[in-house]
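First up is the structure itself, then whatever we jot down about it.
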Amino acid sequence: MDPIIVLGIALLGFRALGALGVGRFASWPSSAAHAMAVMLLMTASAHFVPESVTVMPNHADLVRIVPPFVPFAGFMVYATGVLELLGAAGLVLATTRRAAGICLAALFVLLLPANIYAAVAQLPFNGGAATPLWVRIPEQVLYIAVALWATRAASRTWPAGLRLARSTAK
Numbered sequence: 126m127d128p129i130i131v132l133g134i135a136l137l138g139f140r141a142l143g144a145l146g147v148g149r150f151a152s153w154p155s156s157a158a159h160a161m162a163v164m165l166l167m168t169a170s171a172h173f174v175p176e177s178v179t180v181m182p183n184h185a186d187l188v189r190i191v192p193p194f195v196p197f198a199g200f201m202v203y204a205t206g207v208l209e210l211l212g213a214a215g216l217v218l219a220t221t222r223r224a225a226g227i228c229l230a231a232l233f234v235l236l237l238p239a240n241i242y243a244a245v246a247q248l249p250f251n252g253g254a255a256t257p258l259w260v261r262i263p264e265q266v267l268y269i270a271v272a273l274w275a276t277r278a279a280s281r282t283w284p285a286g287l288r289l290a291r292s293t294a295k
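Here the sequence shown stands for residues 126 to 295, numbered as in this note's numbering.
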């Protein structure tokens, strides 16, 4: 299933739960954070799926779209999958939502060259048609926007473990 469709359906589903009184989904940004987490669980899973699986993009598909200038393509695919999973967990936890949203926005910017390379080289997933550049760029922009929008449902303070220590020197 297309990630945008998963994101949209999850967003509407969580907002519907919010309208029914589930406090966790009482706002659009909070629902967006959870919807992005659902989408990331789906997209991250592709990073670990063996090439023999053909019902969805798999690890080999993702390795093919890594631009040639990026070293250790296979490792990078695994690493970005782990980062997506961590980002999903971070979005669901209110105390880490702000940090997760900002880090995910940065990750989506860093993944943009792979999407541009895949579109320009016309590299398909699962032997299907390649996604054109005019679709991939707005899609990445949407993911960046949703990740940042989700931070609006977060505390404005950083979790204690992520705060920079203040200097005690005067």
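In this text, a Cβ means the ideal position worked out from N, Cα and C, and glycines have one as well.
Note that this is a predicted model, so its numbers are computed, not measured.
Proximal residues to A185 (C-beta, below 7 Å), its chain only, five neighbours per side dropped: The residue given as residue 185 occupies position 60 in the sequence shown. Hits under 7 Å: E176.
Integer Cβ distance of P257 from A244, believed to fall under 8 Å: As a first step, residue 257 is located in the sequence shown; it is residue number 132 there, counting from the start. As a first step, residue 244 is located in the sequence shown; it is residue number 119 there, counting from the start. P257 to A244, Cβ: 6 Å. Contact.
Can you tell me whether DSSP reads K295 as helix, strand or coil? Sequence index remark: in the sequence shown, residue 295 carries index 170 (1-based). Legend: pLDDT at K295 = 47, less than 50; position of this residue unreliable, value from coordinates given subsequently. Coil.
Residues near T168 by beta carbon distance below 8 Å, same chain, minus five either side: For this step, residue 168 is matched to residue 43 along the sequence shown. Excluding positions up to five away in sequence, the list reads P128 and E209.
If P154 and A275 are in contact, beta carbons under 8 Å, what's the gap, nearest whole angstrom? As a working note, residue 154 is residue 29 in the sequence shown. As a working note, residue 275 is residue 150 in the sequence shown. Sure, about 6 Å apart at Cβ, within 8 Å.
Is any heavy atom of the ligand GDP found at a distance shorter than 7 Å from the C-beta of M201? Ligands displayed in this structure: none; no statement on the ligand GDP is therefore possible.
Take every Cβ of the region 195-210, pair it with every Cβ of the region 126-143, and state whether three or more of those distances are shorter than 8 Å. no
Tell me the DSSP secondary structure of Q247 in three-state form. Translated into the one-based positions of the sequence shown, residue 247 becomes position 122. Note: Q247 maps to coil in three-state DSSP.
CA nearest to the CA of F200, picked from P192, L211 and V188: As a working note, residue 200 is residue 75 in the sequence shown. Of the candidates P192, L211 and V188, the one whose C-alpha sits nearest the C-alpha of F200 is V188.
Might you give, ordered along the chain, the residues of its own chain that have their beta carbon closer than 7 Å to the beta carbon of V191, omitting 5 neighbours on each side? Here residue 191 refers to the residue found at position 66 of the sequence shown. Correct list, in chain order: A198, M201, V202 and A239.
For L232, is the classification buried or exposed, using 16 other Cβ atoms within 10 angstroms of its Cβ as the cut-off for buried? Numbered from its first residue, the sequence shown carries residue 232 at position 107. So L232 ends up on the buried side.
Taking L229 as the reference, which of M126, L137, G253 and V266 has the closest Cα? As a working note, residue 229 is residue 104 in the sequence shown. The residue with the shortest Cα to Cα distance from L229 is V266.
What does the alpha-carbon distance come out to for the pair R140 and A213? The residue labelled residue 140 in the question sits at position 15 within the sequence shown. The residue labelled residue 213 in the question sits at position 88 within the sequence shown. Rounded to the nearest angstrom, the two C-alpha atoms are 18 Å apart.
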